[in-house]
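J.: Residue numbers (this note's numbering): 116 to 602. Cβ coordinates follow ideal geometry from the N, Cα and C atoms, glycine included.
1. Using alpha carbons as the reference points, say which of 593, 492, 151 lies closest to residue 290.
2. What residue range does the beta strand (DSSP E) around residue 486 cover?
3. Who pairs with residue 250 in a beta bridge, going by DSSP?
4. Looking only at its own chain, which residues have a Cβ that is under 6 Å from the Cβ of residue 253, when we skip the five neighbours before and after it?
5. Decide if residue 179 is buried, meaning its Cβ has at least 16 other Cβ atoms within 10 Å, or exposed.
6. For residue 516, which residues does DSSP report across the bridge?
7. Within a Cβ cutoff of 7 Å, which residues of the same chain sit near residue 128, ignoring the five residues on either side of it in sequence?
8. Between 598, 245, 256, 388, which lies nearest to residue 229 when the distance is taken from Cα to Cα?
9. With burial defined as no fewer than 16 other Cβ atoms inside 10 Å of the residue's Cβ, what is the status of residue 279: buried or exposed?
10. Put residue 129 into one of helix, strand or coil per three-state DSSP.
11. Counting pairs of beta carbons, one from the stretch 583-596 and one from the stretch 517-533, are three or more of them closer than 8 Å?
12. Report yes if the C-beta distance between residue 301 and residue 155 is below 9 Å; otherwise report no.
13. So, residue 170 versus residue 194, is the Cβ gap smaller than 9 Å?
14. Are at least three pairs of beta-carbons, each pair with one atom in the stretch 512-520 and one in the stretch 454-470, less than 8 Å apart?
15. Express the C-alpha separation of residue 262 and residue 140 in angstroms, rounding to a whole number.
16. Compute the Euclidean distance between the alpha carbons of residue 485 and residue 400, then round it to the nearest angstrom.
17. What residues in its chain sit with their C-beta under 7 Å from that of residue 312, if we drop five residues either side in the sequence?
18. Could you say if the stretch 461-471 and the stretch 416-434 meet the contact criterion of at least three C-beta pairs nearer than 8 Å?
19. Based on the DSSP secondary-structure assignment, which residues constitute the bridge partners of residue 582?
20. Roughly how many whole angstroms lie between the Cα atoms of residue 450 and residue 517?
21. Once DSSP output is grouped into helix, strand and coil, what is the label at residue 202?
22. In whole angstroms, give me the CA-to-CA distance for residue 602 and residue 525.
23. Determine the direct distance from the alpha carbon of residue 522 to that of residue 595, and round the result to whole angstroms.
24. Report the start-end ranges of each beta strand (DSSP E) in the stretch 424-460 that is 3 residues or longer and not cut off at the edges.
25. In chain order, what residues of the same chain have a beta carbon less than 8 Å from the beta carbon of residue 446, not counting five sequence neighbours either side?
26. Where do the ends of the alpha helix (DSSP H) carrying residue 299 lie?
27. Is the stretch 183-200 close to the stretch 211-223, with three or more CB pairs under 8 Å?
28. Helix, strand or coil for residue 283? Go by DSSP, reduced to three states.
29. Tell me the DSSP secondary structure of residue 356 in three-state form.
30. Would you say residue 534 faces chain B, with C-beta separation under 9 Å as the test?
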């Protein structure tokens, strides 16, 4: 169950923020406690160090002078009483002046202090370069008291080291105060965490809510609701993701629409010849068409078969080009020569409609860098389209090239019916026909020629476009000029 809780981004984000907040609060609380403890103990050290200085002055000036000995002890007892401390004086060579000074009120507290052997410590301190040192819990084993011991060297007027002062201070109240402080800090940290938790919840909810919306939209989109879009709010990364998704959704929805139209168009284009073939074959089998008339209908069957073959071949061409399976074989060649040779393949159809053919080449030789076979296919599609819609009477078919900087512009035009303005933007769409009512027997074609031409030209890095008015319709496309020859 715990593992399941962390499957959502909201839970992960909430736990992460809460954990980070708790960690920061603990670190800040610990740091504050350490800083306070350090300052607190440093203040006690400074105060007790000042008292050892006072004790040193009393010992050197009064305690060692027999005339003031009694007065000096009273002063030392007063210091012991003031701090609840124990004072130990240790001189060189087991001097009879060694003494333990403890006020009667605190004798029980420091019981056993005199039993502690400090010889090694004092000998070490006498050799150390410093005057002061601080020891913690020296008496814990003998008295059970947690203490701080401040030591100071006894120096004579001429700087000679005569002994060591040990001031034992009971740290129990200090540690109790610190423990109370730690508890207060823990309570504050806990309270701060409890306050931060709902804030983390709100932040996590606000951060993940757009993602949840995106998830819901993506889920609906994946189930076929192509109209689903994400409401964009703000300009952050999540908003940019929403914009990107909406753009992708628009593209996919458009592609899906094109796919459906494509499937419908292919089905429609195939259904017509298949229906015709089926009808004629069935009529021949049933005897509706007599055997002696079969020869009459065979050309019709052949034409319908060729129509389906061309449709399938066009679809295969589109598939190969779009999938990148057909690589370009770039070479330099004279586009004028290719246009002339391609035009010759339409000689029979030109003779049938007898349009006036006009050829206008900008120069005798216009060399381009392209795949000659593919560009030949583009020219065949455009010339076929131009001848198909050229008028029966007074038709004009124009072909030409011109130089435009680093490009060669190739044009194929006729004086047939103009293309309506609303159709210009769709003329290169698959299966699109300007006049849906035109019969296939009159104009033929699969509705894929211009689409294939556009794919091939774009594959070469060129562009293809159409211009049409009442006088003429011109299809033009651009190719890169050959760099190695003069165009």
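T.: Put simply:
1. 151
2. 482-486
3. 264
4. Contacts found: 264.
5. buried
6. In the DSSP assignment, residue 516 forms a beta bridge with 476, 525.
7. The beta carbon of residue 128 lies closer than 7 Å to those of 319, 322, 323 in the same chain, with the five residues before and after it left out.
8. Checking every option, the nearest Cα to that of residue 229 belongs to 256.
9. buried
10. helix
11. yes
12. no
13. Closer than 9 Å, so yes.
14. yes
15. 31 Å
16. 51 Å
17. Cβ within range, chain order: 133.
18. no
19. 589
20. 11 Å
21. strand
22. Reliability of the predicted coordinates at residue 602 is poor, the pLDDT of 42 falling under 50, and the value obtained from them is presented with this limitation in mind. For residue 602 and residue 525, the distance between alpha carbons rounds to 13 Å.
23. 5 Å
24. 445-449
25. 484, 485, 486, 487
26. Start and end: 287-337.
27. Verdict: yes, contact present.
28. strand
29. helix
30. The chain labelled as chain B is not found in the depicted structure, where only one protein chain is given.
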